[in-house]
Each structure stands twice: as structure tokens, then as C-alpha cells.
Amino acid sequence: MDRIYLDNAATTPVDKRVLEAMLPYYSDVFGNPSSLYSYGQEAKKAIEEAREKVAKALGADADEIYFTSGGSESDNWALKGVAYALKDKGNHIITTEIEHPAVLNTCRYLEKEGFKVTYLPVDEYGLVKPEDLKKAITDKTILVSIMFANNEIGTIEPIEELVKIAHEKNVYFHTDAVQAVGNIPIDVKKLDVDLLSLSAHKIYGPKGVGALYIKKGIKIHSLIQGGTQEKNRRAGTENVPGIVGLGEAIELITKNLDSHINKLTFLRDKLINGILEKIPYVRLNGHPTKRLPGNVNVSFEFVDGESLILNLDMAGICASSGSACTSGSLEPSHVLLAIGHSKELARGSLRLTIGKDNTEEDIDKVLEVLPQIIKRLRSISQIV
Amino acid sequence: MKESTRRSKNFFMKKNIRVVVGMSGGVDSSVSAYLLKEQGYEVIGVTMQIWQDKDEEAVRVEGGCCSLAAVNDARRVANKIGIKYYVMNFKDVFKEKVIDYFVDEYLKGRTPNPCIACNKYIKFEELLKRAWMIDAYYVATGHYAICEYDEERGRYLLKKSVDTSKDQTYVLYNLTQTQLEHILFPLGKYKKDEVRELAKNLGLPVASKPDSQEICFVTDNDYGKFIRENAKEEIKPGEFRDTRGRFLGYHKGIIHYTIGQRKGLGISAGKPLYVVDIDAENNVVVLGYGDEVYGDELISYNNNFISIDKLEKEMRVKAKIRYTAKEQDAVIRPLEDGKVFVKFDNPQRAITPGQSVVFYDGDIVVGGGIIERKVR
Numbered sequence: 008m009d010r011i012y013l014d015n016a017a018t019t020p021v022d023k024r025v026l027e028a029m030l031p032y033y034s035d036v037f038g039n040p041s042s043l044y045s046y047g048q049e050a051k052k053a054i055e056e057a058r059e060k061v062a063k064a065l066g067a068d069a070d071e072i073y074f075t076s077g078g079s080e081s082d083n084w085a086l087k088g089v090a091y092a093l094k095d096k097g098n099h100i101i102t103t104e105i106e107h108p109a110v111l112n113t114c115r116y117l118e119k120e121g122f123k124v125t126y127l128p129v130d131e132y133g134l135v136k137p138e139d140l141k142k143a144i145t146d147k148t149i150l151v152s153i154m155f156a157n158n159e160i161g162t163i164e165p166i167e168e169l170v171k172i173a174h175e176k177n178v179y180f181h182t183d184a185v186q187a188v189g190n191i192p193i194d195v196k197k198l199d200v201d202l203l204s205l206s207a208h209k210i211y212g213p214k215g216v217g218a219l220y221i222k223k224g225i226k227i228h229s230l231i232q233g234g235t236q237e238k239n240r241r242a243g244t245e246n247v248p249g250i251v252g253l254g255e256a257i258e259l260i261t262k263n264l265d266s267h268i269n270k271l272t273f274l275r276d277k278l279i280n281g282i283l284e285k286i287p288y289v290r291l292n293g294h295p296t297k298r299l300p301g302n303v304n305v306s307f308e309f310v311d312g313e314s315l316i317l318n319l320d321m322a323g324i325c326a327s328s329g330s331a332c333t334s335g336s337l338e339p340s341h342v343l344l345a346i347g348h349s350k351e352l353a354r355g356s357l358r359l360t361i362g363k364d365n366t367e368e369d370i371d372k373v374l375e376v377l378p379q380i381i382k383r384l385r386s387i388s389q390i391v
Numbered sequence: 080m081k082e083s084t085r086r087s088k089n090f091f092m093k094k095n096i097r098v099v100v101g102m103s104g105g106v107d108s109s110v111s112a113y114l115l116k117e118q119g120y121e122v123i124g125v126t127m128q129i130w131q132d133k134d135e136e137a138v139r140v141e142g143g144c145c146s147l148a149a150v151n152d153a154r155r156v157a158n159k160i161g162i163k164y165y166v167m168n169f170k171d172v173f174k175e176k177v178i179d180y181f182v183d184e185y186l187k188g189r190t191p192n193p194c195i196a197c198n199k200y201i202k203f204e205e206l207l208k209r210a211w212m213i214d215a216y217y218v219a220t221g222h223y224a225i226c227e228y229d230e231e232r233g234r235y236l237l238k239k240s241v242d243t244s245k246d247q248t249y250v251l252y253n254l255t256q257t258q259l260e261h262i263l264f265p266l267g268k269y270k271k272d273e274v275r276e277l278a279k280n281l282g283l284p285v286a287s288k289p290d291s292q293e294i295c296f297v298t299d300n301d302y303g304k305f306i307r308e309n310a311k312e313e314i315k316p317g318e319f320r321d322t323r324g325r326f327l328g329y330h331k332g333i334i335h336y337t338i339g340q341r342k343g344l345g346i347s348a349g350k351p352l353y354v355v356d357i358d359a360e361n362n363v364v365v366l367g368y369g370d371e372v373y374g375d376e377l378i379s380y381n382n383n384f385i386s387i388d389k390l391e392k393e394m395r396v397k398a399k400i401r402y403t404a405k406e407q408d409a410v411i412r413p414l415e416d417g418k419v420f421v422k423f424d425n426p427q428r429a430i431t432p433g434q435s436v437v438f439y440d441g442d443i444v445v446g447g448g449i450i451e452r453k454v455r
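If you want it as C-alpha cells, here you go:
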């Protein structure tokens with residue numbers, strides 16, 4: 008059975024060209040970048056080239072890019088680093104109810120550490136209202152962290168406007184752009200964000216590597232103490248192949264960003280329209296237009312999402328619903344609850360996220376299989 | 080496949096060879112999954128996530144039958160056997176049908192058997208439903224019991240396992256004909272030792288795990304604490320009285336007592352005293368002497384019958400009043416409201432409201448119900 012992969016928001020396959028670029032740095036150019044001999048210096052050079060590629064993709068300067076182990080570390084670093092650096096100035100952080108757990112749970116941790124956190128609500132589309140942010144800022148607020156685009160429902164937040172509000176009150180602004188990078192054009196200078204998290208494995212790069220953009224002059228503590236890597240801000244021998252992979256991946260995706268976005272948007276809208284036409288009692292989650300080009304998220308009434316995912320799996324289609332808990336079972340999504348879904352409806356949700364390797368045939372196949380599965384699941388839930 | 084004698088009465092689903100095996104991570108369910116695969120079924124392992132959020136940390140640390148450690152064990156076994164494996168979320172339904180029931184029964188002065196509730200509502204109702212949703216005709220578990228179709232009666236029968244010391248039919252008496260049609264118990268004809276041996280020979284990572292004994296969701300085995308933490312009302316101390324209503328002392332709260340209990344009463348009398356009744360309404364625990372713990376008549380409710388469609392007239396059976404009790408000769412007869420009157424030939428010790436009474440005809444399970452009260 009051919010497998011159709013439609014969970015590109017969870018992770019993406021490493022692009023062959025990215026893999027090619029990484030391979031020399033495992034066994035050939037394996038030197039420690041901190042060493043003086045040429046083996047090490049070649050590795051160091053590769054890191055700096057990757058840094059420039061990431062900087063270029065974001066419109067940043069190379070010395071504003073810091074490599075990390077991924078999106079979660081970047082988020083942790085941004086939040087904890089700023090909180091501890093500015094704790095004498097204030098103890099208030101503002102975020103939203105629909106953040107990724109990397110942000111939400113870091114905030115909960117900081118609450119235990121004595122910080123106060125405001126979790127802004129969102130509207131039915133998942134959009135943060137700028138006036139809510141305005142009202143939430145106090146003279147104790149030190150950081151606003153709002154995601155660029157939501158990983159579950161794909162809603163793109165009005166970051167530029169939100170940054171302006173934070174900066175009017177001289178508050179730092181961090182954005183988790185893990186889903187946005189490679190799917191939306193990003194210019195950190197134009198947006199004026201202070202910190203931005205990104206991850207390689209969402210853009211056809213390797214797992215275990217990411218970056219944090221830290222605008223020059225931003226006060227932030229280190230998360231990982233040790234050697235002097237990353238200008239003394241993030242210790243640990245660099246993940247050279249990973250960093251090279253991130254550089255290559257972000258360069259490739261931004262080079263053809265327009266056509267990538269057009270292709271995904273076309274497939275997305277075909278899939279959304281097909282589902283809405285063919286299946287009754289369904290609704291689209293998230294915003295119809297302010298959404299990630301590859302994101303489809305729908306809720307089916309009278310359907311158990313877990314059973315739906317397993318049925319799709321058996322039909323060779325990889326999809327997701329809600330968020331997996333530690334054990335691997337499914338919980339109703341906090342994002343869908345935040346946009347006003349009941350627990351029952353939130354359970355019946357399906358996320359299909361399209362990537363660069365998907366084809367129109369994939370979408371046709373889903374539109375053929377999905378209505379049958381929904382019909383069968385509904386008929387069983389009526390009987391029992 | 081030797082199941083060919085079964086005929087499907089199911090009107091929405093074609094018979095197939097896909098089976099969902101409930102996997103706890105223990106030896107029995109692991110071997111069940113293996114045996115079914117060997118028999119040619121298309122096996123899908125499923126662990127039901129039933130533990131609740133707040134004790135996630137506790138189960139991670141302490142284990143318990145359905146903890147994260149159990150999930151890891153089950154997943155390892157599934158990989159070893161080479162079957163698909165999923166974890167499914169049953170948190171809400173387990174809370175409602177098992178945990179809340181467990182707590183409420185204790186608050187009513189009764190002693191529930193949560194495993195019976197779990198089998199009735201979770202494993203063979205909710206899990207079976209989920210199995211159907213992934214187009215699996217069967218659900219299987221590692222229970223020691225035999226499920227067979229009887230041509231003569233035109234009914235599915237539930238029978239005691241070959242290893243009678245391990246027989247678990249007592250906790251399965253609620254199964255309906257529809258459920259039995261969709262159930263496989265691969266261990267019914269095996270002895271526990273054989274199952275362990277099989278697990279060992281296969282190199283299953285769980286071969287040496289001990290049998291689970293306690294209630295899986297009370298991870299530290301402290302029922303009193305669990306009920307206090309989960310009850311909506313406060314657990315209040317009250318009075319011990321004798322069977323004639325005379326005050327004997329104070330108790331810690333009725334949830335701490337069960338019929339027949341002798342230890343931990345903190346009352347000294349000439350002869351040993353036992354709990355003979357719990358009066359939840361007045362928060363009184365009634366104590367009596369040895370012979371007052373015995374009774375020979377009871378009424379059961381929420382009855383289910385398997386070998387017969389309905390109890391229409393008096394019937395001679397063997398009956399047992401708790402999981403560990405021996406079967407005893409008894410006569411059962413229907414009461415008007417669907418309840419059943421059970422009269423034992425000889426007095427039984429500690430007839431306990433909330434526990435189940437299960438009726439047997441030889442190896443065959445006739446049916447059973449929950450003990451409402453001792454009559455005398």
C-alpha cells in the first residue's frame with residue numbers, strides 16, 4: 008500500500024539535497040569547531056555559513072542567530088532567558104491559550120518560579136485580538152510571547168501589529184515561528200520582533216536542531232552553561248551536521264517560497280472544499296484565509312478522532328488529531344477548546360498538513376477514502 | 080479457523096479476522112496476542128489509557144497495571160510479536176463508569192468490585208465499540224475463561240477455564256450474547272504455568288512480571304485515601320453499634336469497613352467482633368459476633384443471564400458471592416422486578432452488598448447480579 012503522508016506540521020522528511028550537504032560532516036569533516044587545526048576550522052566555517060543562510064532567510068544579521076537543539080529549546084531559552092534577565096524589572100509575561108506546549112509548559116514552570124503569566128484568549132478563528140494584548144500589559148510586563156502561526160489550526164496571528172503594541176510599552180516580543188518559517192515570508196527587521204524560534208525538521212531539515220533569533224541588544228540569560236560556543240550564550244559542542252542541514256534546508260525553502268506557497272495553498276483549498284462538499288456535519292477550524300498554506304483542520308460531528316486517525320492509518324494515510332499525550336493516546340486539543348469547541352467536538356477533529364512532496368493525486372485519494380470512513384464511523388456510533 | 084461454528088448475527092459488520100487485543104503489558108494479555116497471531120488472526124494490540132491526569136506522575140513512578148510503564152511494556156511486546164499497536168484514550172468513560180461508581184458505592188456503605196464494572200462497561204462495551212470502529216470483528220483479552228457457541232441452545236456460553244484455579248468467569252458474568260459473539264479468550268484452555276512458559280520461550284520481555292492483584296487505579300493500595308480524595312462529600316467518623324443498637328465506640332468513616340471485617344476495629348470485647356452491617360444513612364457500622372456474620376438468603380439486582388435467556392422459574396445452581404469464595408449449592412428464583420432471590424443450602428459468611436453473586440451450572444456460567452442485601 009502506498010503511504011500518503013499528510014502530517015507535515017508534525018515533521019517533514021529530510022530533503023535529499025539537505026542530507027547530501029550534511030553527510031560530509033559526520034565522518035569526514037568531523038573536527039570540533041572549537042579546535043585550532045584545520046579540520047576543526049572547516050567545521051567552524053560550515054557553521055558560520057549556515058548561520059548566514061538562516062540570517063538571510065529571516066532578514067537578520069548573522070550574529071543574531073543562535074543554534075539550539077530545536078524549537079522547544081529555543082522557546083525555553085527565549086522565555087526563561089528573558090524572565091531571569093529582567094526579573095528585577097518585572098515579573099509578568101503575556102502569552103496565549105493556543106501556544107505550543109513548549110511555550111505553555113515553560114510558562115507554567117515560570118509561574119511556579121514566581122512569575123505571573125496572562126494567557127490571552129483567542130476568537131473563534133484562533134486570532135489574538137490586539138486590544139486584548141493592549142489591556143493585558145502592565146508596568147510589570149517583561150515579555151510577550153505569541154506564536155506566529157498555530158501548529159494545529161494554522162491560524163496566522165497579526166504579529167506585526169502585536170509587536171507594535173508591545174514595543175509601545177517597551178516590552179520584549181518573542182514569537183514561536185516553528186510553523187511559519189518556510190511557509191510564510193518572514194522579515195524580522197520589518198516585523199521588529201525581538202526573539203524568534205525556529206526548527207529544522209519542519210522545513211525538510213534534520214531533527215534535533217533549531218535556532219533562536221535574538222535581536223542585538225536584547226537582554227537574555229543563557230539556558231545551557233558550559234563552554235564558549237555560540238558567542239558564550241549556548242554551551243555544548245555544536246551539532247555540526249545538523250546545523251549545516253538547517254542552513255541548507257532554510258536556504259532551499261526560502262529560495263522558492265512563492266511557488267511552494269502557491270502549490271500548498273492550491274492543494275489545501277482543494278482538500279478543504281472537497282471535504283466540505285462531500286461530508287455533512289463538518290466544519291473548518293481556523294481562519295479561512297489567514298492560515299498556513301498547508302494546513303487543513305476540520306471537525307466532524309459524531310466521530311471519534313482517535314478511531315478516525317487509526318482508520319486513515321490503515322488506509323495508508325498519515326494524519327493527526329488533537330495532541331498526543333505521553334502514552335500516545337489522544338487528548339482533546341487545547342487549541343480547539345480555546346476556539347470554543349466542546350470536548351466532544353474537539354475529539355472529532357482531523358488535521359491534515361500538506362507538504363512539498365504531496366501531489367494532487369494524494370488529495371484525490373483522501374477525498375475518496377475519508378467520506379467512506381466518516382460514514383462508517385457514524386453508522387457504528389449510531390448503533391452502539 | 081475453528082471458529083467456523085459461530086454464525087454472525089451482526090447486522091452491520093461482516094465477520095473478519097481482525098482482532099483488537101486489550102494489552103495491559105502483563106504476561107496474560109501478551110501471550111493472548113501472540114496466540115491469536117499464531118492462529119492466523121490479524122492482531123491489533125491496544126492499551127486503554129484509563130489513568131487520570133493528576134495521577135500521571137504517581138503511575139509513572141509507582142507503576143500500576145495501566146501506567147506509562149505498562150504502555151512501554153505492551154509496546155515492546157507488540158514490536159516483538161510483530162503486530163500493530165495503539166494506545167486509546169478511555170479516561171473519561173473509565174472515570175464515570177468505574178472510578179465514580181467505586182467511590183459512590185463505598186459512600187453508600189457497600190463494597191464494589193470495580194473489575195466487574197470495568198469488564199462490563201469498558202473492556203467489552205467501550206473497547207469493543209472502538210474495535211468495531213477500526214473494522215475489527217473481535218476483541219480479545221487475557222482472561223482465563225472459555226467462550227463457546229452451543230448449537231443445541233443456540234446461544235453463546237461462557238465457561239470456566241481449564242485452569243480452574245485461575246478461572247475469571249466471576250468477573251465476566253455481565254457479558255451479553257452480542258458481546259460474546261465478538262469475544263475471543265485465547266487463554267481459556269491454557270494453564271497459567273503454560274502461559275508463563277510460553278512467554279519465557281518466546282522471550283517476551285514481560286515473562287517474569289508478577290500477576291496483578293490490586294485495583295489498578297488505586298496505585299498505592301490505600302482505598303481509604305483514594306476515596307477521601309475522590310469523594311465529593313467529606314468522610315465523617317461515626318458510631319459502632321451492636322445488632323441491638325447499643326453504642327460500642329467510634330469508627331473512622333464507613334468507607335473503611337467491609338462486611339465480615341474483624342481487624343482494625345479498635346473495639347475490645349469478650350469475644351471477637353465483626354462488621355455485620357453498614358448503615359450509610361445513619362453513618363453507623365454494626366458489629367456482631369461470629370454467627371451473626373453468616374446468612375443464607377440474599378437478593379441480587381442488575382442481573383444478567385448467559386446460558387439462559389431469562390430466569391423464569393426456580394433453578395438449582397452453584398453460586399459464589401465473591402471472587403475468592405467457593406461455589407455453594409443454592410436455589411435461585413426470579414422476583415417480580417428483575418431481581419433474583421438466592422437461597423443457599425448452607426449459611427454463607429459475609430454476604431456483602433455491592434459484591435456480585437455469580438451462578439454456575441457445572442462449568443457453565445448461568446449468570447449473576449450485584450448483591451443488593453442479605454435477607455437473613
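Sequence lines, in order, name chains H and C. By the numbering used here, the letter at position 245 of the first sequence is numbered 252, and the numbering carries on one by one without gaps. By the numbering used here, the letter at position 165 of the second sequence is numbered 244, and the numbering carries on one by one without gaps. We put the beta carbon where it would ideally sit given N, CA and C, even for glycine.
In the DSSP annotation of this structure, I268/H is not part of any beta strand (DSSP E); the continuous alpha helix (DSSP H) holding it starts and ends at 264 to 285.
Residues of chain C whose Cβ lies closer than 8 Å to the Cβ of S314/H are, in chain order, R209, M212, I213. Residues of the region 163 to 183 of chain C whose Cβ lies closer than 7 Å to any Cβ of chain H, in chain order: Y165, V166, M167, N168. With 16 or more neighbouring CB atoms inside 10 Å of its own CB, N158/H falls in the buried class. Looking only at I257/H, S41/H, K171/H, the smallest Cα-Cα distance to R24/H is reached by I257/H.
Comparing alpha-carbon positions, the option among I346/C, K270/C, L236/C lying closest to T257/C turns out to be L236/C. The region 302 to 311 of chain C and the region 337 to 345 of chain C do not touch, with fewer than three beta-carbon pairs separated by less than 8 Å. Around E338/H, the beta-carbon contacts reaching into chain C at under 8 Å are N168.
For the region 96 to 123 of chain H, the set of residues with a beta-carbon nearer than 8 Å to any beta-carbon of chain C is empty.
Burial of A429/C is indicated by the presence of at least 16 other C-beta atoms within 10 angstroms of its C-beta. Contact between L291/H and L283/H is confirmed by a C-beta separation of about 7 Å, below the 8 Å threshold. Annotated three-state conformation of N382/C is strand, per DSSP. Secondary structure note for Y220/H: its beta strand (DSSP E) is the uninterrupted segment 217 to 221. The beta carbon of K136/H sits closer than 7 Å to those of D130, all from its chain and outside the five residues before and after it, given in chain order. Interface with chain C (9 Å Cβ-Cβ cutoff): R241/H is excluded. Legend: CB atoms of the region 128 to 148 of chain H lying less than 9 Å from CB atoms of chain C are not found in any residue.
The alpha-carbon of T145/H is positioned some 30 Å away from that of I160/H. If you draw a straight line from the Cα of K63/H to the Cα of D194/H, it comes to about 9 Å.
Scanning its chain for C-beta atoms nearer than 7 Å, with the 5 sequence neighbours on each side dropped, one finds around E71/H the residues A62, Y220, I221, K222, K223, in chain order. Interface annotation for the region 276 to 293 of chain H against chain C: empty, criterion Cβ-Cβ distance under 7 Å. Taking D272/C as reference, the option from I294/C, K399/C, M212/C, S244/C with the minimal CA-CA separation is S244/C.
At a C-beta separation below 7 Å, L317/H has these neighbours in chain C: Y165, I213.
Distances from the CA of I450/C to each of D246/C, L366/C, E230/C, I195/C were compared; the closest alpha carbon is that of I195/C. By the Cβ-count criterion, S45/H is exposed, with fewer than 16 other Cβ atoms from all chains shown falling within 10 Å of its own Cβ. For S388/H, a Cβ of chain C is located within less than 9 Å of the residue's own Cβ. Within the model, the alpha-carbon separation for S349/H versus G355/H is close to 10 Å.
Ranking Y223/C, A215/C, T248/C by CA distance to the CA of S386/C puts T248/C first. Between the C-alpha atoms of E175/C and Y185/C there is a straight-line separation of about 15 Å. Fully enclosed alpha helix (DSSP H) runs of no fewer than 4 residues occupy 302 to 309 of the region 280 to 359 of chain C, in order along the chain. Contact note: M321/H reaches chain C through I213, D214, using a C-beta cutoff of 8 Å and chain order. For D311/H, the chain C residues whose C-beta falls within less than 7 Å of its own C-beta are M212, listed in chain order. A69/H is not a Cβ neighbour of I101/H, given a cutoff of 9 Å. For V124/H, the closest of S206/H, L111/H, G362/H, F180/H by C-alpha to C-alpha distance is L111/H. In the three-state DSSP reduction, Q379/H falls in the helix class (H, G or I). Annotation: the continuous alpha helix (DSSP H) that includes L319/H extends over 312 to 321. Put simply, the region 395 to 415 of chain C does not touch the region 343 to 351 of chain C. Fewer than three CB pairs are less than 8 Å apart.
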